[in-house]
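As numbered in this note's numbering, residues 68 to 496 make up the first sequence, in order.
Glycine included, C-beta positions come from ideal geometry on N, C-alpha and C.
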Amino acid sequence: METVIEKIGASAGKEATLTGWVYNKRSSGKVRFVILRDGTGVIQCVFLKGQVPDAAFELADSVTQESSVAVTGLVREEKRAPGGFELTATDLKLISLAEPYPITLKEHGVEFLMEHRHLWLRSARQHAVLRIRSEIIKAMRDYLDDNDFVLGDTPILTPAAGEGTTTLFPVDYYGEQVYLAQTGQLYNEAIAASVRKTYCFGPTFRAEKSKTRRHLMEFWMLEPEVAFLDLSGDMALAEELVAYAVQRVLAKRKPELATLERDTTKLEAVKAPFPRISYLDAVKLLQDKGKEIKPGDDFGGDEETVLGEAFDRPVMIHHYPAAIKAFYMKRDPQDTSLALCFDMIASEGYGEIVGGSQREDELAELEKRIIENKLPPEAYRWYVDVRRYGSFPHSGFGLGLERTVAWVCGLKHIRETIPFPRMLEKVYP
RNA sequence: UCCAGCGUAGCUCAACCGGUAGAGCAUCCGGCUGUUAACCGGAGGGUCACAGGUUCGAGUCCUGUCGCUGGAGCCA
């Protein structure tokens with residue numbers, strides 16, 4: 068079986084051949100060190116003059132950063148080594164010599180790194196983020212799959228807006244104008260009537276001219292939708308899902324969190340139940356903290372930061388004014404000015420990561436709402452049909468993957484949470 | 001779209017009141033038998049974003065353009 072650095076301990080005391088890339092090298096006369104990176108970890112390979120072929124000793128000096136190589140040697144426990152193991156090399160073979168590598172081990176600016184994003188991904192921090200992102204996705208899908216959800220998946224090319232009309236990317240579809248999806252939710256509602264509990268997970272697109280650390284033009288969203296579930300049950304599902312994913316990362320990705328210097332005590336607190344406060348209580352909380360806000364206002368980035376920092380775990384704010392929320396949300400029967408919805412604000416000031424609601428399930432009410440919002444009724448005919456034929460109470464939410472990854476990793480900018488971020492007017496590489 | 005800040009060597013940054021363009025890293029040459037972003041000595045490397053203006057003299061001051069970064073609004 069192939070030997071990789073992540074599992075090098077199994078080869079202790081034995082000879083092994085490792086393939087990878089030269090991360091760094093150092094030399095001290097008759098001793099040369101090649102630090103090898105193989106995609107699973109990093110290990111130092113020691114070359115002693117006279118104990119390796121002259122060609123290999125020479126190559127250990129002339130090989131360039133990020134050249135691909137194969138190193139053979141004796142795996143040895145070494146207390147001084149960061150990973151606990153070292154390779155006493157017996158041979159070094161060049162696979163491909165790298166041209167002078169633009170990204171050094173020193174500091175670089177954001178503009179330069181983004182221009183070289185395809186290479187930046189090889190660095191230790193980006194490698195750690197990629198693995199944690201993958202773990203979060205797997206954890207959340209495991210949670211849903213293990214709880215009887217059926218992966219439905221929804222179209223990316225859609226004939227009409229999901230929520231508004233100003234934020235869509237238009238696409239030419241054989242002469243007809245269609246749009247890249249900004250949500251799969253409406254389709255999810257139709258799928259839920261088939262399988263009861265469904266979810267979709269895929270890229271979504273917003274053409275807003277947003278230029279902040281929390282925004283991408285293309286981001287991945289996980290959207291569960293459940294038949295016969297009310298708002299309270301929806302919030303319970305969201306907190307269970309998020310808590311499960313965070314605890315999984317803590318259990319399985321400790322080394323990567325350490326690479327990112329993430330304070331894991333903050334993550335350990337992320338267990339259900341999460342605090343739930345009403346919109347009006349949130350407004351009062353903000354006013355007590357000196358924010359100028361009045362009932363009816365939506366929360367901006369500042370307000371979200373204050374709310375997120377007020378608790379040791381994510382907080383769920385529910386019953387927002389219907390006027391500032393989407394047309395498909397069900398109104399609170401006790402007070403029809405309020406929507407049966409919630410937002411989950413991550414702790415530590417990372418902002419909104421989940422937005423959900425109980426959906427409007429009364430046919431007449433939904434038709435009225437579509438007219439009020441000046442949406443084209445013809446485009447929503449199929450959506451209204453879901454109410455026409457055996458309507459049912461149902462709820463769901465959308466979880467922004469990249470914001471969740473940023474929060475779990477403790478990253479200050481969302482651009483590092485996806486391999487190739489699509490930023491405002493930036494699509495290279 | 002609006003507001004603010006920044007564009008100097010391959011990279012990260014200096015250059016005081018307007019007076020000859022600098023350092024570290026990277027690259028190349030040399031040294032060192034245990035280095036940990038190794039270290040030590042040497043060399044090469046510049047249209048100071050671009051265009052105009054003020055001035056005896058502009059990297060520095062003014063105007064415009066372009067680019068980048070952060071924020072607002074909107075949202076996940």
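Within the same chain, I258, T265, C267 come within 6 Å of G219 by CB-CB distance, once the 5 residues on both sides are set aside. Per DSSP, the continuous beta strand (DSSP E) segment holding A137 begins and ends at 135-144. Between the stretch 236-255 and the stretch 209-225 there are three or more inter-stretch CB-CB distances shorter than 8 Å, so the stretches are counted as touching. Residue environment analysis places V316 among the buried positions, since at least 16 neighbouring C-beta atoms fall within 10 angstroms of its C-beta. Counting only residues of its own chain and dropping the five nearest sequence neighbours on each side, G375 has a CB closer than 8 Å to the CB of P381, V382, I412, A413, S414, E415, G416, Y417, G418. E153 and V142 have their C-alpha atoms spaced approximately 6 Å apart. The Cβ-Cβ distance between R280 and I481 falls below 8 Å. The shortest CA-to-CA distance from D348 to any of V337, L324, Y387 is the one to Y387.
Put simply, the backbone Cα of Y168 is about 8 Å away from that of T131. Nearest to G242 by C-alpha distance, out of L253, T234, Y210, P226, is P226. For the pair I420 and I384, the CB atoms are not nearer than the 8 Å cut-off.
For H194, the enclosing alpha helix (DSSP H) covers residues 191-213. Counting only the Cα atoms, G463 lies some 28 Å from K278. In this structure, DSSP gives G269 an extended state, which the three-state scheme calls strand. Put simply, the backbone Cα of L235 is about 14 Å away from that of L491. Between L327 and R192 a beta carbon distance of about 6 Å is seen, short of the 8 Å cut, so the two are scored as contacting.
In this structure, Y450 and L253 form a Cβ contact; the two beta carbons are roughly 5 Å apart against a cut-off of 8 Å. If you look at Y417, you'll find it isn't in any alpha helix (DSSP H); DSSP assigns it neither H nor E. For F114, the enclosing beta strand (DSSP E) covers residues 109-115. Annotation: I384 is outside any alpha helix (DSSP H); the continuous beta strand (DSSP E) that includes it extends over 382-385.
Only buried fits I360, as 16 or more other CB atoms lie within 10 angstroms of its CB. One thing to note: A339 has its Cβ no nearer than 8 Å to the Cβ of E292. Ranked by Cα distance from A312, the options P149, K97, L466 are led by L466.
The count of Cβ pairs closer than 8 Å, one atom from the stretch 283-300 and one from the stretch 169-185, stays below three, leaving the stretches out of contact.
Residue pairing from DSSP places H461 in a beta bridge opposite A294.
Taking 8 Å as the upper bound for CB-CB distance, T139 and E82 are in contact here, some 7 Å apart. By the neighbour-count criterion, in which a residue is buried when 16 or more other Cβ atoms sit within 10 angstroms of its Cβ, L115 is exposed. Assignment of N255 by DSSP, reduced to helix, strand and coil, places it in the helix class. If you ignore the 5 residues before and after Q354, its C-beta comes within less than 7 Å of the C-beta of I360, all in its own chain and listed in chain order. For A431, the enclosing alpha helix (DSSP H) begins and ends at 430-439. By the neighbour-count criterion, in which 16 or more other beta carbons inside 10 Å mark a residue as buried, L172 falls on the exposed side. CA-CA distance, A137 to K321, rounds to 28 Å. Contact check for A165 and E133: beta-carbon distance about 4 Å, within the 8 Å limit, so the pair qualifies. Contact annotation, E427 with R436: C-beta distance approximately 6 Å; criterion of less than 8 Å satisfied. K493 and W287 have their C-alpha atoms spaced approximately 18 Å apart.
Cβ neighbours of T86 within its own chain (closer than 6 Å, five residues either side excluded): A137.
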